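The structure appears right after this line, and notes come after that.
Residue numbers (our numbering), protein chains in the order written: chain A, 1 to 325; chain B, 1001 to 1325.
Quick look at the structure:
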């Protein structure tokens, strides 16, 4: 009896095979990296072009509840949904987003959904590559939608937006003054802002908050690739499962527009070139990440800070010790 | 008859020696670089800690006139003033800021002033190191104030602010709507905003513009290292030489506060460590800057953009060709 290869099992939509493959791409072991590269080569071009939806949101905004409700709505339409997480902080904080699948109990039991907790990697460069490869695996497994969730730590939103076709920002109802809390750069990434918790006592506040964000979005420069009225702010209630279909319609409208205008393809090509360059630069700079190099950088930096060595002289020492001429 | 060395002549305050030394640090020739390194080593710790004032401003704001008036006011007080320029675009645009000393005719004839046009270097990393070394030479020559001017191109403001003790932003009178033109990041760098051209017909507009910027500055987070009321916006007229002394008083107050609080020293140490790290990273990435590497990066990038190669596979090719394992 012949066993199907891991690649075949992924192509057949076996979730356990997909999970195992993602474990391979997340591994730092050289043999795993080699197997991952072979697998990715084998699967290249297979499956479909998923809609990659990046998502960020402030803590406490109800991201898990939203992903569960939104994901269930999509699977109810016959779509297959994968959920990935980018959390460069998880190695430090211990608790990871999506680390506990029980937070999305219904969705994780849905056979058309695949949920992958965040890998325990503190290095953003590594996280980006692994997430990119995990997305490629999900596309090979023919998922229609890949949701890439991030916590707003460091540069993780930038990474996720460079991996996504659409970027959602999930926000909580709040007083006008609190708008300041969202960094302008994050606002600029958002294609659609969803003000969650538009239910019960918070409904009116959510509507006001949404209007405030809509106003803030109008102040941002319109993107030439998008139709009038985007980026857009809307209210949703993940708990009451309200507004989710309208949100999905907006995403589809925007996606279709971008596909028709050619921006979709251009954007994916630009992203791929970006990641190629990032990977080369990352590898060149990796010589500074060994324990020896880190220790020596630290030592040199202390001398520079104390005024005992000029920055240039210290750099020359360091480069000589790295064997760079 | 023994000739004084270049270093001795710089220590003696000879402007021509200083100019020649800056030409050495700006050169790409290996023998010049070696001479420059030796000279900088010889002069390390000599002279004085100048006040390094970074300066940026929108085109047409009257930067040259301001530098001339402000510089003349300082030299009239017996201070020695050096003016350097950071303009990564000068190699391309042909015309460089400060390229024409006749724009500052009076100041360039003043024996207590030294004006250095921008080097023709299009590479920001290189410009930063050369400017840092030029500042060190000016300090060895015991200039009291080093003004570092930049045009607002690319990241040049960031470079200048990382080289400065104080950062001035020179702006023109304008309607409220035009405030948007100044990038928030630049606003955040400014210690003092000077609204120039507060003279003649523009006086009232300048006062209003100043109030608008003062309001905008209050919205930015106060820096813990600064006294109440900073960053601050003021009006000046470079043409009528009005407000310059008040501006200089503000700079001195802020400087004294930072010296007393220890922030001055901390800031310089942080900057030195930053430049050390930048220089090491820059040298590691320099392998991508050879004509061969650039051509190959471009070729690989095109394949990645066309979907013929994955970003990771292309990066592996590229790294192999660079001899990085």
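Idealized CB from N, CA, C, for every residue including glycine. Quick caveat: nothing in here was measured; it's all calculated off a predicted structure.
_Taking beta-carbon pairs under 7 Å, can you tell me which members of the region 1250-1276 of chain B lie near chain A?_
1269, 1272, 1273, 1275, 1276
*Kindly say whether residue 40/A, judged by its beta-carbon, lies nearer than 9 Å to any beta-carbon of chain B.*
yes
*What is the DSSP secondary structure of residue 29/A, counted as helix, strand or coil?*
coil
*Check whether the Cβ of residue 279/A lies closer than 9 Å to any Cβ atom in chain B.*
yes
*Look at the alpha carbon of residue 1312/B and the alpha carbon of residue 1226/B, and state the distance between them as a whole number of angstroms.*
47 Å
*asked:* Give me the residue from 267/A, 11/A, 280/A, 271/A with the minimum Cα distance to residue 138/A.
replied: 11/A
*Please confirm if residue 307/A has its CB atom under 9 Å from at least one CB of chain B.*
yes
*Exposed or buried, residue 1222/B, counting other C-beta atoms within 10 Å across all chains shown (16 or more means buried)?*
exposed
*asked:* Can you list, in chain order, the residues of its chain with a C-beta nearer than 6 Å to that of residue 1093/B? Leave out the 5 residues immediately preceding and following it.
replied: Note on residue 1093/B: pLDDT 41, under 50, position unreliable in the model; the coordinate value appears next. Excluding residues within five positions, none has a Cβ falling inside 6 Å.
*asked:* Alpha carbons only, please: which of 291/A, 231/A, 133/A is nearest the one belonging to residue 42/A?
replied: 133/A
_Taking 9 Å as the threshold (beta carbon to beta carbon), is residue 133/A in contact with chain B?_
yes
_If the cut-off is 9 Å on Cβ atoms, which residues from the region 1281-1297 of chain B count as contacting chain A, listed in chain order?_
1281, 1282, 1283, 1284, 1285, 1286, 1287, 1288, 1297
*asked:* Against chain A, which members of the region 1192-1222 of chain B pass a CB distance test of less than 9 Å?
replied: 1219
*Note the first and the last residue of the continuous alpha helix (DSSP H) segment covering residue 249/A.*
244-261
*Three-state secondary structure (DSSP) at residue 281/A?*
helix
*Sequence-distant residues of its chain with Cβ nearer than 6 Å to residue 1180/B (five each side left out)*: With a pLDDT of 49 at residue 1180/B, under the threshold of 50, the modelled position of this residue cannot be trusted, and the question is left open.
*In chain B, which residues lie less than 7 Å from residue 319/A when you measure between Cβ atoms?*
1280, 1283
*Could you work out which residues of chain B lie near residue 50/A, taking near to mean beta carbons separated by less than 8 Å?*
Those do not exist, as residue 50/A stays about 15 Å from chain B at its closest Cβ, beyond 8 Å.
*asked:* Short of 6 Å in beta carbon distance, which residues of its chain neighbour residue 1323/B, apart from the five on each side in sequence? Order them along the chain.
replied: none
*Among 44/A, 56/A, 7/A, 305/A, which residue has its Cα nearest to the Cα of residue 150/A?*
56/A
*asked:* Quick check on residue 147/A: does DSSP put it in helix, strand or coil?
replied: strand
*Would you kindly check if the distance between the Cβ of residue 1218/B and the Cβ of residue 304/A is under 9 Å?*
no
*asked:* What ranges does the beta strand (DSSP E) occupy inside the region 1014-1060 of chain B, keeping only unbroken runs of at least 3 residues that lie completely in it?
replied: 1051-1057
*asked:* According to DSSP, residue 237/A sits in a beta bridge with which residue or residues?
replied: 242/A
_I need the straight-line Cα distance from residue 285/A to residue 45/A, nearest angstrom please._
31 Å
*Thinking residue 58/A and residue 172/A are a contact (beta carbons under 8 Å), I'd like their distance in whole angstroms, please.*
6 Å
*Indicate the three-state DSSP secondary structure (helix, strand or coil) for residue 324/A in the structure shown.*
coil
*Given residue 62/A, which residues of its chain have a CB within under 7 Å of its CB, disregarding the five upstream and five downstream residues?*
196, 197, 238
*Interface flag, residue 1056/B vs chain A, CB-CB below 9 Å*: no
*Determine, using beta carbons only, whether residue 60/A and residue 107/A come nearer to each other than 9 Å.*
no
*asked:* Applying the 10 Å Cβ sphere with the 16-neighbour rule, what's the burial state of residue 1109/B?
replied: exposed
*Show which residues of chain A have a CB atom less than 7 Å away from the CB atom of residue 1109/B.*
Within 7 Å Cβ-Cβ: nothing; residue 1109/B doesn't reach chain A, min ~33 Å.
*Within-9 Å CB hit, residue 1224/B to chain A*: no
*Tell me whether residue 1005/B is buried or exposed, calling it buried when 16 or more other Cβ atoms sit within 10 Å of its Cβ.*
exposed
*Show which residues of chain B have a CB atom less than 9 Å away from the CB atom of residue 312/A.*
1037, 1040, 1129, 1132, 1133, 1275, 1276, 1279
_Neighbourhood of residue 7/A by C-beta, 7 Å cutoff - its chain only, sequence neighbours within 5 removed_ = 39, 42, 43
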